[in-house]
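The structure appears below as structure tokens.
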Amino acid sequence: MHDLEAAILARHSTRLFRPNKPVPRQLVDEALELAIHAPSNSNVQPWQVVFTTGPARDRLVKALLAEAQATDPQIPPLPAQFEHYRRDVGKLVYGAMGIARADVAARRLAVLRNWEFFGAPLAGVVCMHRELGHADSLGVGMFLQTFLLALTARGLDSCVQVSIAGYPEIVREQLGISDDMRIMCGVAVGYGVTDFPANTVRSPRNPVSDNVSYLED
Numbered sequence: 000m001h002d003l004e005a006a007i008l009a010r011h012s013t014r015l016f017r018p019n020k021p022v023p024r025q026l027v028d029e030a031l032e033l034a035i036h037a038p039s040n041s042n043v044q045p046w047q048v049v050f051t052t053g054p055a056r057d058r059l060v061k062a063l064l065a066e067a068q069a070t071d072p073q074i075p076p077l078p079a080q081f082e083h084y085r086r087d088v089g090k091l092v093y094g095a096m097g098i099a100r101a102d103v104a105a106r107r108l109a110v111l112r113n114w115e116f117f118g119a120p121l122a123g124v125v126c127m128h129r130e131l132g133h134a135d136s137l138g139v140g141m142f143l144q145t146f147l148l149a150l151t152a153r154g155l156d157s158c159v160q161v162s163i164a165g166y167p168e169i170v171r172e173q174l175g176i177s178d179d180m181r182i183m184c185g186v187a188v189g190y191g192v193t194d195f196p197a198n199t200v201r202s203p204r205n206p207v208s209d210n211v212s213y214l215e216d
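Numbering that gives the first Met the number 0 numbers the first residue of the sequence shown as 0 and each following residue consecutively.
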């Protein structure tokens, strides 16, 4: 039905969506029906996703923005040897938008868009049971990647957002997610604004040889 390689290459993080263009529920359901075929440890199928749209989404965004303007998100810092990846992608994204590093106000406004789900009309929160561990989080990741590719193949844009997990209490309160669940990330789904500069950014990838090795002897 769709070309897998094309979907893999086309998928990218969209950072501004068309808020008034609804996401067809049928397309999301089709993508989910494919994503549930992702592998998982002992077939636990550890993924749990809560989607919100309309007034419920707006209430979540309002609460997240209020918290983001008052406190810093609970996002663990990267180890020193990996910090440059975050700096490098930030430089690409902000540079595309013409925001200088010294322009604190403009950077702050851009950062706050994270908790608006970048304007996406469909906002998802990905969770996993607290008693599950690292092996099971791999299953969540494989489910999520499969879901994103299926969305891409259907003409939908998306962005996975670790920032949403930075305010877990707000998310729990707004969406009724129990304490048994660990908030893993958010996912914004919709139709991207095609002429928004940051939506043209494609983060570079390491050469395969930097991350993969073969032992034969």
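Even for Gly, the Cβ is constructed at its ideal location relative to N, Cα and C.
If you draw a straight line from the Cα of His36 to the Cα of Leu131, it comes to about 19 Å.
For Gln47, the enclosing beta strand (DSSP E) begins and ends at 47-51.
Segment contact: the segment 135-152 against the segment 85-100, fewer than three CB-CB distances shorter than 8 Å; contact not assigned. For Ile169, the secondary structure class from DSSP, reduced to helix, strand or coil, is helix.
Taken atom to atom, the span from the alpha-carbon of Ala119 to that of Glu215 is near 48 Å.
According to DSSP, His128 shares a beta bridge with Met180. Ranked by Cα distance from Pro75, the first of Gly165, Leu63, Asn40 is Gly165.
For Val103, the enclosing alpha helix (DSSP H) has its first and last residue at 103-111. No residue range can be given for Val43, since it is assigned to no beta strand (DSSP E) and is classified by DSSP as neither H nor E.
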